Amino acid sequence: MGGLVSDRDLSAPTLSQLPPHTFTHPLCLDGGALPREQCWTGRNLCPDFQRFSHIPYTRIFINNEWQDSVSGKVFPVYNPATGEQICEVQEAEKADVDKAVQAARLAFSLGSVWRRMDASERGRLLSKLADLVERDSVYLATIESLNSGKPFLPTLFVDLQGTIKTLRYFAGYADKIHGTSIPMDGEYLTFTRYEPIGVCGQIIPWNFPLMMTAWKLGPALACGNTVILKPAEQTPLTCLYIAALIKEAGFPPGVINILPGFGPTAGAAIASHMGIDKVAFTGSTEVGKLIQEAAGKSNLKRVTLELGGKNPNIIFADADLDLAVEQAHQGVFFNAGQCCTAGSRIYVEEPIYDEFVRRSVERAKRRRVGSPFDPTTEQGPQISREQQNRVLEFIQSGISEGAKLECGGKALGLKGFFIEPTVFSNVRDDMRIAREEIFGPVQQIMKFKTLEEVIERANNTDYGLVAAVFTNDINKAMTISTAMQAGTVW
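All residue numbers for the sequence shown refer to this note's numbering, where the first residue is 18 and numbers rise by one.
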């Protein structure tokens, strides 16, 4: 593949090769906790991640204290770009969830520091946390890339910025949560007041660890809740570093508790715990059903779910073809296809279908796949060997069911869990690759003739997350956006 970087490029430039203008690694600021060679270096270059051998936070965070798991169990965390182990992390289970619930309930109790805190002060703490994330953003981006395989530069300039902006947004929201007064007959006064729910369990996925942490923490804390958050077992490292910043920011003990662990143990304990008042989960539809069932069978806790997608991307013949090809490419291949909002069912109007396929294949072949720490890399590895094998199995099913493999389709000859950008044409709606969420770098391109036909086909799915339409006709755009059974239409 023309854009592939070699296995040799998995290491970044050494310090002696760098320009004189450098940025200091945050962990080098405390009197020499790390030698100078372990500092991050800047401009458009990436960090020498192989020098970051010390991961400072690998334990459970409960009540503003770092703790070992009750069972003493640990689990390994891997670098998906190499398949090598980074470190071991303490494994939370039910007993640890019980401890966290006790701490969170105490922090939420009437008369506690957190319950008596002014809303504006909650906002100040969130704003302080955002400042600390910004201060340590290069280190957080390094660990995020090391642990998840996400390319470093997009992580620094997209994920970190999104994390910081989310925290600042909800910092501003904290003292703007207003009730209403309601006119009533007779001599009555009626008003509503929004109050925090209580202890919120939060279970986040591995595809956007930092941003998911902010998306879950921000609104819950702005409203005055306490939190028990479980990061994905594949990517706990940046969330645990955020825990250290939470303590530094000055949040009271017990308000935020971070428990790395596995879904069937720690996650299940959160979903079914009688002392947790609400659970929020982002992940697969299958697990989301289990979360909702566990919540219902326990204390009928409130549930918020953000699950999978098999999202239609509809491209009409009157669209700007160059724009549509590039946006459809990014919509599928961004983050190695590991996005619930990926535009993975591409419907192209018949007159431009062949040209769209040709240009899409050319673009996929140019996509650079390789080390997350090479500044030219567009696509890193899949998160794990299991996920890589799952995607490859989907590709084989597409071939077996008669779709035309235009390019890609194989694992790359690098260490780690890389897959070539893959494009299928002549895809039928009944094929597995057209119906099931692949969560990988696989583009399916289908043909349609009429607006009515594509609306019916696009809505013929078990999912309803997002959709997109490309056209220069405002009437088509409005018709499609109204007709789509999806929560968001671009």
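Just so you know, even glycine gets a beta-carbon here, dropped at the ideal spot from N, CA and C.
Note that the structure is predicted; figures quoted are calculated from it, not measured.
C-alpha distance - residue i paired with residue j, whole-angstrom precision
i           : j           : result
residue 457 : residue 412 : 10 Å
residue 482 : residue 448 : 20 Å
residue 58  : residue 150 : Model confidence at residue 58 stands at a pLDDT of 41, short of 50, so the residue's coordinates are unreliable and nothing is read from them.
residue 459 : residue 475 : 18 Å
residue 164 : residue 101 : 10 Å
residue 293 : residue 88  : 22 Å
residue 342 : residue 420 : 20 Å
residue 489 : residue 501 : 18 Å
residue 495 : residue 81  : 50 Å
residue 311 : residue 78  : 24 Å
residue 493 : residue 197 : 40 Å
residue 232 : residue 170 : 21 Å
residue 128 : residue 138 : 16 Å
residue 210 : residue 147 : 28 Å
residue 505 : residue 313 : 28 Å
residue 308 : residue 300 : 10 Å
residue 276 : residue 115 : 11 Å
residue 332 : residue 487 : 5 Å
residue 106 : residue 96  : 14 Å
residue 377 : residue 364 : 13 Å
residue 213 : residue 322 : 19 Å
residue 145 : residue 266 : 6 Å
residue 466 : residue 367 : 6 Å
residue 510 : residue 246 : Residue coverage of the chain in this structure runs from 18 to 507, which leaves residue 510 outside it and unanswerable.
residue 441 : residue 423 : 6 Å
residue 216 : residue 130 : 15 Å
residue 461 : residue 426 : 12 Å
Beta-bridge partners of residue i, as assigned by DSSP
i           : result
residue 95  : 102
residue 443 : Per DSSP, none; premise fails for residue 443.
residue 510 : Residue numbering for the chain in the displayed model covers 18 to 507; residue 510 lies beyond these limits and cannot be assessed.
residue 319 : 295
residue 366 : 465
residue 244 : 217 and 273
residue 302 : Looking at the DSSP assignment, residue 302 forms no beta bridge with any residue, so it has no partner.
residue 475 : Answer is none; residue 475 lacks a bridge partner.
residue 207 : 199
Endpoints, alpha helix (DSSP H) assigned at residue i
i           : result
residue 350 : 338-350
residue 495 : 491-500
residue 5   : Not covered by the structure: residue 5. The range shown for the chain is 18 to 507.
residue 483 : No alpha helix (DSSP H) contains residue 483, which is instead part of the beta strand (DSSP E) from 483-487.
residue 234 : 226-239
residue 131 : 130-133
residue 450 : 449-452
Delimiting residues of the beta strand (DSSP E) encompassing residue i
i           : result
residue 83  : 82-84
residue 330 : 329-332
residue 193 : Careful: residue 193 lies outside any beta strand (DSSP E) and carries neither H nor E.
residue 422 : 421-424
Touch test, the stretch 424-442 against the stretch 390-409, Cβ-Cβ under 8 Å, three pairs minimum: Contact between the stretch 424-442 and the stretch 390-409 is established, with three or more Cβ pairs separated by less than 8 Å.
Uninterrupted alpha helix (DSSP H) stretches inside the stretch 250-294 (no shorter than 4 residues): 254-266 and 285-289
At least 3 beta-carbon pairs within less than 8 Å: the stretch 364-381 vs the stretch 158-174: no
Three or more C-beta pairs below 8 Å linking the stretch 214-225 and the stretch 243-257: yes
Any 3 or more C-beta pairs closer than 8 Å across the stretch 284-299 and the stretch 256-264: no
Complete alpha helix (DSSP H) runs within the stretch 138-180 (minimum length 4 residues, chain order): 154-165
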